[in-house]
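Visitor: Below is one structure. I have some questions about it.
There are 2 protein chains.
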Amino acid sequence: MIKIIARRLVREECVDEYLRLTGELVAASQAEPGCVTYTLNRCMENPRQFAFIEIWKDQQAIEAHNASEHFTRIVPQLGKLLEIGYPVEHYMEVTP
Amino acid sequence: MIKIIARRLVREECVDEYLRLTGELVAASQAEPGCVTYTLNRCMENPRQFAFIEIWKDQQAIEAHNASEHFTRIVPQLGKLLEIGYPVEHYMEVTP
Numbered sequence: 013m014i015k016i017i018a019r020r021l022v023r024e025e026c027v028d029e030y031l032r033l034t035g036e037l038v039a040a041s042q043a044e045p046g047c048v049t050y051t052l053n054r055c056m057e058n059p060r061q062f063a064f065i066e067i068w069k070d071q072q073a074i075e076a077h078n079a080s081e082h083f084t085r086i087v088p089q090l091g092k093l094l095e096i097g098y099p100v101e102h103y104m105e106v107t108p
Numbered sequence: 013m014i015k016i017i018a019r020r021l022v023r024e025e026c027v028d029e030y031l032r033l034t035g036e037l038v039a040a041s042q043a044e045p046g047c048v049t050y051t052l053n054r055c056m057e058n059p060r061q062f063a064f065i066e067i068w069k070d071q072q073a074i075e076a077h078n079a080s081e082h083f084t085r086i087v088p089q090l091g092k093l094l095e096i097g098y099p100v101e102h103y104m105e106v107t108p
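In order, the protein sequences belong to chains A and B.
Residue 108 is where the first sequence ends in this note's numbering, and the numbering goes up by one at each step.
Residue 108 is where the second sequence ends in this note's numbering, and the numbering goes up by one at each step.
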């Protein structure tokens, strides 16, 4: 499994639109067969900051997600609403 | 529920010690009654970077965690191994 953390700072006047568009993206992504977990989360320290926390079955599942209709249509629209799109980070869980 | 993302950049020569100490911290934290999920994750773009991804029942559970024997004993030791301890971020999941 591969986890993704994608932190985003949204422009103040764009937060409502961001929430509307991400609602559709989250629902469609959660329905993908290779998706284990896909959530959008809002920062309590700064309500304009969001983080996608995602878990995917494998690299192939991430590639299918990145090529999906909902991703290629919605993510470019989200990009226009951002003040900062921090680099997307991929993680492997450390087993104790 | 409250999620925590805590990203840490560990000094090159300290990674083995970091993994040893976090193994104990992760196991003890997962056993806390207010803990929903507590994982340490290693960044694929930079193997010296780690992220704790945590889910807690509520704020009271986080306070109990921060006051626990394992937290107050191990976290200061981990601090000495860090190059950068990015600010700990608290999140609420956005429900579509």
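Glycine included, every Cβ here is placed at the ideal spot set by N, Cα and C.
Treat the numbers as computed from the prediction; the structure is a model and nothing was measured.
For L33/A, does the three-state DSSP call read helix, strand or coil?
Guide: Here the question's residue 33/A lines up with position 21 in the first sequence. The answer is helix: DSSP assigns L33/A an H, G or I state.
Visitor: Taking E57/B as the reference, give the member of V106/B, L21/B and L33/B with the closest Cα.
Guide: Here the question's residue 57/B lines up with position 45 in the second sequence. If we check each option's Cα against that of E57/B, L21/B comes out closest.
Visitor: Taking 6 Å as the limit between beta carbons, can you name the residues of its chain near E95/B, skipping five residues before and five after?
Guide: Residue numbering aside, residue 95/B sits at position 83 when the second sequence is read from its first letter. Result list for E95/B: L21 and R23, in chain order.
Visitor: Is V87/A closer than 8 Å to I16/A when the C-beta atoms are compared?
Guide: Residue mapping note: residue 16/A aligns to position 4 of the first sequence, counting from 1. Residue mapping note: residue 87/A aligns to position 75 of the first sequence, counting from 1. With contacts defined by Cβ atoms closer than 8 Å, I16/A and V87/A do not form a contacting pair.
Visitor: Contact between the segment 27 to 46 of chain B and the segment 65 to 85 of chain A: three or more CB pairs below 8 Å?
Guide: no
Visitor: Does DSSP put G97/B in a helix, a strand or coil?
Guide: Position 85 of the second sequence, counted from the first residue, corresponds to residue 97/B. Three-state result, G97/B: strand.
Visitor: Any idea if Y98/A is buried or exposed, counting beta-carbon neighbours within 10 angstroms, 16 or more meaning buried?
Guide: Start at 1 with the first residue of the first sequence, and residue 98/A comes out as number 86. By the 10 Å Cβ count, Y98/A comes out exposed.
Visitor: How close, in whole Å, do the beta carbons of N53/B and A63/B come, if the pair is a contact with beta carbons under 8 Å?
Guide: The sequence position of residue 53/B within the second sequence is 41, counting from 1. The sequence position of residue 63/B within the second sequence is 51, counting from 1. Going by Cβ atoms, the distance from N53/B to A63/B rounds to 5 Å, so yes, they are a contact pair.
Visitor: Who are the near neighbours of F83/B in its chain, counting only those whose CB is closer than 7 Å to its CB and skipping five residues on each side?
Guide: Counted from its first residue, the second sequence places residue 83/B at position 71. H77.
Visitor: Excluding sequence positions up to five away, which residues of its chain have a Cβ less than 6 Å from the Cβ of W68/B?
Guide: Within the second sequence, the letter at position 56 stands for residue 68/B. Here the set comprises I14, G46 and I74.
Visitor: Cβ of E105/B within 8 Å of Cβ of T51/A?
Guide: Your numbering for residue 105/B matches position 93 in the second sequence. Your numbering for residue 51/A matches position 39 in the first sequence. Yes, the Cβ-Cβ distance between E105/B and T51/A is below 8 Å.
Visitor: Please tell me whether N78/B has its Cβ less than 8 Å away from any Cβ of chain A.
Guide: Locating residue 78/B in the second sequence gives position 66, counting from the first residue. Not closer than 8 Å to any Cβ of chain A, the Cβ of N78/B fails to qualify, so no.
Visitor: What do you get for A39/A, buried or exposed, if any count of 16 or more other CB atoms within 10 angstroms of its CB means buried?
Guide: As a working mapping, residue 39/A is identified with position 27 in the first sequence. Exposed.
Visitor: If contact means a Cβ-Cβ distance below 9 Å, which residues of the segment 48 to 61 of chain A contact chain B?
Guide: Answer in chain order: T51, L52, N53, R54, C55, M56, E57, N58 and Q61.
Visitor: Looking at C-alpha atoms only, which residue of Q72/A, H102/A and V27/A is the closest neighbour of I65/B?
Guide: Reading the second sequence from its first residue, position 53 is the one you call residue 65/B. Of the candidates Q72/A, H102/A and V27/A, the one whose C-alpha sits nearest the C-alpha of I65/B is H102/A.
Visitor: Residues in the same chain with beta-carbon distance under 7 Å from C26/A, minus the five sequence neighbours each way, listed in chain order, please.
Guide: Start at 1 with the first residue of the first sequence, and residue 26/A comes out as number 14. L93.
Visitor: Could you compute how far the alpha carbon of T49/B sits from the alpha carbon of S41/B?
Guide: Within the second sequence, residue 49/B is the residue found at index 37, counting from 1. Within the second sequence, residue 41/B is the residue found at index 29, counting from 1. Whole-angstrom Cα-Cα distance: 9 Å.
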